[in-house]
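Heads up, the thing below is written out as structure tokens.
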Amino acid sequence: MKTTDSEIQLYIHIPFCKRKCAYCDFLSAPATFSQMESYMDALRKEISLRKGEAAGKRLRSVYIGGGTPSYLLSEQIERTMDLVQQEYPVQPNTEVTIEVNPGMVNEAKAKAYARCGINRISMGLQETHDELLAHLGRIHTYHKFLESYTLCRKAGFDNINIDLMCGIPGQSLEMWEETLTRVLRLRTPHLSCYGLIIEEGTPFYELYGEDEERRERGEEPLHLPSEELERSMYAMTGQMLREAGYHHYEISNYAKEGFESVHNNGYWQRYPYIGCGLGASSLVGEERWDNPREMEDYITPLSEGHLPDVEKRALSVKEQMEEFMFLGLRRMEGVYISDFTENFGRDSEVIYGDVMARLREEGLLEKKEGRIFLTGKGIDVSNYVFSEFLIDSV
Amino acid sequence: MDQSHIRNFCIIAHIDHGKSTLADRIIEMTGTLTHREMQDQVLDNMDLERERGITIKSQAVRIIYTDKNGEEYIFNLIDTPGHVDFNYEVSRALAACDGAILVVDAAQGVEAQTLANVYLAMEHDLEILPVINKIDLPSADPDRVAEEIEDVIGIDASNAPRVSAKTGENMDQVLEAIVNALPAPTGDPNKPLKALIFDSLYDSYRGVIVFMRIMEGTVKAGDRIRMMATGTEADVVEVGYFGAGRFIPCDELPAGMVGYLTASLKNVSDTRVGDTVTLADNPCDEALPGYKKARSMVFCGIYPADSAKYPELRDALEKLQLNDAALTFEPETSAALGFGFRCGFLGLLHLDVVQERLEREYGLDLVTTAPGVVYRIYKTDGTVMELTNPSNMPDPSEIDYMEEPVVDAEIMVNSEFIGAIMDLCQERRGTYVSMDYIEENRAVLKYVMPLNEIIYDFFDALKSRSRGYASLDYEMKGYVRQDLVRLDILVNHEIVDALSFIVPASTAYDRGRKLCERLKEEIPRHLFEIPIQAAVGGKIIARETVKAMRKDVLAKCYGGDISRKRKLLEKQKEGKKKMRQVGNVSIPQEAFMAVLKLDTDK
């Protein structure tokens with residue numbers, strides 16, 4: 013019996029935003045009021061139709077992400093949450109998060125979120141320098157963020173995450189330090205610090221795609237921060253946050269004791285999850301599937317009362333083992349060797365002995381107290397480490 | 154049918170003047186094929202040829218034409234390859250003909266290859282029938298082009314059919330002109346057999362199929378034949394002629410005819426192009442002139458990307474060789490690449506074609522090392538060795554001196570480009586011999602060039618510096634003494650044998666530096682710094698460094714979309730799988746060809 017089998021998580025996707033950010037490649041776009049209305053009707057239908065997947069399980073977490081969920085009228089969120097409460101076994105200790113965009117929330121909304129059982133807020137601040145925010149295409153300023161943050165706190169939210177981003181063109185080490193200093197003053201219990209990724213198909217790709225290639229080849233980029241600067245930013249983040257009492261628990265995530273994100277940890281530890289909404293992904297019973305990414309393909313079947321067609325892919329044991337490693341190693345704690353044996357009935361040494369020995373020799377992996385985890389150097393080149401855990405099919 | 158009703162001819166043209174289209178149209182109009190059966194280009198039936206737009210193996214087709222007076226004629230149309238690597242094959246194909254249709258573009262007029270091809274045809278005493286093609290083009294100027302043909306080439310073009318092979322306009326005039334302007338073959342069908350092999354093909358059921366032109370005598374099934382150069386004897390199983398895309402058996406092939414024979418021959422190398430077929434018990438007194446043994450001029454190492462595929466590679470090479478007598482190979486081992494073959498080719502295009510056929514027809518993933526020529530090494534102990542693989546070069550202390558092969562190169566070029574082409578020849582270590590004006594604004598430049606300089610991208614450079622006007626013809630001249638050294642490449646302090654090559658001592662520094670720069674771009678970053686060094690005789694002459702990879706992009710959380718993350722990781726891993734491990738460095742396959750690209754980009 014797997015440790016993760018008795019619990020499940022629920023993800024709810026809101027694919028709308030006021031304006032698309034220049035670097036964003038998530039499934040999200042501006043929409044009209046009526047488009048949002050009909051989407052939310054379909055979404056609620058799906059939430060009801062999928063409740064069977066959660067039967068007999070404890071609900072670990074609910075996460076309303078996007079897009080910009082706070083772009084919706086609060087009434088839409090309330091109706092959706094009421095339905096979740098009614099159809100799923102939400103308990104007082106179930107983590108319920110909503111993503112909030114600074115400037116897109118007011119007192120009434122914040123209070124409504126608290127009223128309908130949401131107990132955690134994640135705010136996408138990214139940076140505190142307005143010129144960088146403008147360049148990213150964010151619609152808010154630092155000042156606007158402070159307003160939004162304050163009213164969420166006043167509405168009773170203590171568990172607030174703030175998303176930050178380093179590696180932005182034009183961002184100096186000093187600016188990043190200032191942003192961290194400013195945010196630390198808020199003493200919020202959770203911080204996510206990502207590096208900017210230049211994704212294909214975004215306006216940033218047009219601007220910086222070539223520069224990114226230069227950087228990958230090991231040449232000095234013209235606009236993007238150099239690898240060395242990025243490493244310094246990352247190192248500074250770790251150091252400042254640790255000194256301020258945060259615990260580095262996942263590659264990009266830091267939390268005060270007891271405030272690690274239950275929902276995100278669940279992804280890395282392979283707890284089952286149901287994803288509702290446009291393009292949302294699910295993992296249930298070692299099967300993965302993704303909802304349609306086209307609005308019409310998603311809404312039409314649901315408005316007719318049935319689930320959209322999805323292609324369910326049963327994961328082979330090989331794939332499960334690979335995921336176990338490359339997801340589990342994202343957590344600083346790493347993976348417990350005993351968990352591997354328990355999950356797969358096989359010794360990890362048999363499967364990954366060679367790889368682990370080599371990576372330890374290269375100084376990328378460490379083994380201690382029955383678990384293996386990334387070293388500082390391993391974090392820097394985590395994708396390389398993870399890819400080594402893919403098993404060659406013969 | 155008697156000889157007066159046979160016409161054996163080929164079509165010659167500058168590239169893109171519409172040779173294949175004209176051939177298609179002739180075949181279509183003579184009715185051996187219905188319109189529906191027509192493929193786009195009937196004569197080019199290998200996929201590869203169609204894609205590259207070149208004709209590799211010459212082929213023939215027999216068609217029936219009924220003229221205006223209701224008389225039936227047999228046309229044997231022989232297709233010729235168009236590249237300098239295959240010059241010898243071209244000359245044999247021409248020798249099988251009595252006449253040639255010269256296609257000239259009505260807009261572009263006479264161009265470099267037009268002239269080169271005409272002269273080649275004239276050397277074989279072929280009657281030339283000029284045809285002005287593409288009159289449908291808005292820029293067509295057939296009057297000017299006709300004048301140009303008379304002025305430049307010196308043949309009468311007053312009656313040259315003016316056609317559009319594309320639309321079919323005036324094509325009937327071409328067919329009539331073939332009957333009236335091209336000569337019928339001669340040759341006595343009762344004399345001892347004398348037939349010219351102009352091509353051959355391996356068929357897994359029938360063995361080698363020999364393509365030939367009967368000059369004298371007659372051949373039929375049951376005859377015992379002998380190849381005069383190779384001495385191979387065999388009993389003829391079948392004779393026949395070429396339908397469009399298939400073989401049609403017949404009772405006998407008399408003098409004047411073009412056709413094929415099969416005789417349970419197992420190996421194409423027994424039936425060399427240019428050889429003479431005669432009867433074993435009633436031989437002709439002398440072979441046809443001009444036979445040359447195919448000789449490998451360019452060598453390179455070919456290795457399977459996946460070393461487990463070595464047996465498959467050997468099988469594929471053996472099969473290709475059945476069809477391609479000019480291809481040679483023998484096993485060799487490389488520390489960097491494992492087990493593979495040292496292969497010999499007629500030239501760089503031949504190499505390219507073989508490599509592509511191996512990859513395409515046999516599904517092999519290959520690593521090819523830089524091509525080189527055959528060097529002669531005179532050792533201090535008085536012995537001479539031929540060097541085809543740079544790794545086998547003896548210690549310099551054992552070498553008295555070395556020689557490299559040189560060719561007599563003839564470049565035909567318009568006067569405005571003479572300066573540019575002379576510069577090019579100079580850069581490629583050419584020795585000027587002569588320059589003759591063949592007309593007011595066209596000259597033939599003669600140079601003695603090291604073959605090694607020609608096999609890389611000389612042909613491309615020639616075309617680009619003359620805007621396509623220069624044409625090249627070359628012939629092996631022999632060997633000359635040269636101060637040569639082996640340039641070694643060290644990656645992370647280890648010599649990569651597959652990257653070693655022979656260069657003149659005077660260019661070693663320059664080559665080494667360029668190659669290091671190029672390799673720096675090809676080799677991906679590793680977790681550690683990788684020095685790339687060029688060395689001659691253990692002395693480092695150039696160095697570049699591939700910086701260590703210090704950091705991935707900080708991975709973002711994709712929510713539950715794990716499949717996307719997996720794809721990213723798979724891509725990363727896949728890239729690595731396609732590389733060769735040399736020590737602890739992964740080298741991409743392309744890097745082994747980097748030597749080739751030294752002169753192209755910059």
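Residue numbers (the numbering used here), protein chains in the order written: chain A, 13 to 406; chain B, 154 to 755. Where a beta carbon is used, it is the ideal one built from N, C-alpha and C, also for glycine. Note that the structure is predicted; figures quoted are calculated from it, not measured.
- If you draw a straight line from the Cα of Leu319/A to the Cα of Pro313/A, it is about 6 Å long.
- Chain-order list of chain B residues neighbouring Arg300/A: Gly713, Ile715 and Ser716, by C-beta distance under 9 Å.
- Between Arg733/B and chain A, the shortest Cβ-Cβ separation is not below 8 Å.
- When beta bridges are read from the DSSP output, Trp301/A appears opposite Ser294/A.
- Counting C-beta pairs with one atom in each stretch, the stretch 614–625 of chain B and the stretch 554–566 of chain B have three or more that are closer than 8 Å, which means they touch.
- In this structure, the beta-carbon distance from Cys164/A to Val112/A falls below 8 Å.
- Under the 8 Å Cβ criterion, the stretch 363–375 of chain B counts as touching the stretch 335–346 of chain B, having at least three qualifying pairs.
- His167/B and Asn270/B have their alpha carbons spaced roughly 8 Å apart.
- In the DSSP assignment, Ile384/A falls within the beta strand (DSSP E) that extends over Arg383 to Leu386.
- Contact with chain A is absent for Leu672/B, since none of that chain's Cβ atoms lies less than 8 Å from the residue's Cβ.
- When DSSP assignments are scanned along the stretch 246–324 of chain B, the uninterrupted stretches of beta strand (DSSP E) that are 3 or more residues long and fall wholly within it turn out to be 252–258 and 280–286.
- Flagged as an interface residue toward chain B: Tyr285/A, by a C-beta distance shorter than 8 Å.
- For Asp351/A, the uninterrupted alpha helix (DSSP H) segment begins and ends at Ile349 to Phe356.
- In the structure shown, the three-state DSSP call for Val735/B is strand.
- In terms of beta-carbon proximity, Arg703/B lines the interface with chain A, with at least one pair separated by less than 8 Å.
- No Cβ-Cβ contact shorter than 8 Å links Val537/B with Leu604/B.
- Residue range Lys347 to Asp356 is occupied by the beta strand (DSSP E) that includes Leu354/B.
- At least 8 Å separates the beta-carbon of Leu175/B from that of Gly252/B.
- At least 8 Å separates the CB of Phe336/A from every CB of chain B.
- Residue contact with chain A for Lys462/B: absent (no Cβ-Cβ distance below 8 Å to any residue of chain A).
- Here the alpha carbons of Leu721/B and Asp175/A stand approximately 23 Å from one another.
- Chain-order list of chain B residues neighbouring Phe398/A: Leu722, by C-beta distance under 7 Å.
- Here Lys380/A is bridged, per DSSP, to Arg383/A.
- Between the stretch 277–294 of chain A and the stretch 20–27 of chain A, the count of C-beta pairs closer than 8 Å reaches three or more; the two stretches touch.
- Apart from sequence neighbours up to five positions away, the residues of its chain that approach Leu290/B with a beta-carbon distance below 6 Å are Ala260, ordered along the chain.
- Take the alpha-carbon of Glu262/A and the one of Met344/A: they are about 5 Å apart.
- Excluding the 5 residues flanking it on each side, Asp321/A has no same chain C-beta neighbour closer than 6 Å.
- From the listed residues Glu386/B, Asn737/B, Arg495/B and Tyr531/B, the smallest Cα separation to Leu637/B is found for Tyr531/B.
- Our two residues, Arg664/B and Val274/A, have alpha carbons roughly 59 Å apart in a direct line.
- The beta-carbon distance between Glu218/A and Ile180/A, rounded to whole angstroms, is 16 Å. This is too long to meet the 8 Å contact definition.
- Legend: CB atoms of the stretch 238–249 of chain A lying less than 8 Å from CB atoms of chain B belong to residues Glu239, Glu240, Glu242, Arg243 and Tyr246.
- In the DSSP assignment, Gly493/B forms a beta bridge with Glu485/B.
- With contacts defined as CB atoms closer than 8 Å, Val520/B and Val644/B fail to qualify as a contacting pair.
- Chain A places no beta carbon closer than 8 Å to that of Arg634/B, leaving this residue out of the contacts.
- Taken atom to atom, the span from the alpha-carbon of Met177/A to that of Thr249/A is near 11 Å.
- Within chain A, the residues placing a beta-carbon under 8 Å from that of Val699/B are Gly230, ordered along the chain.
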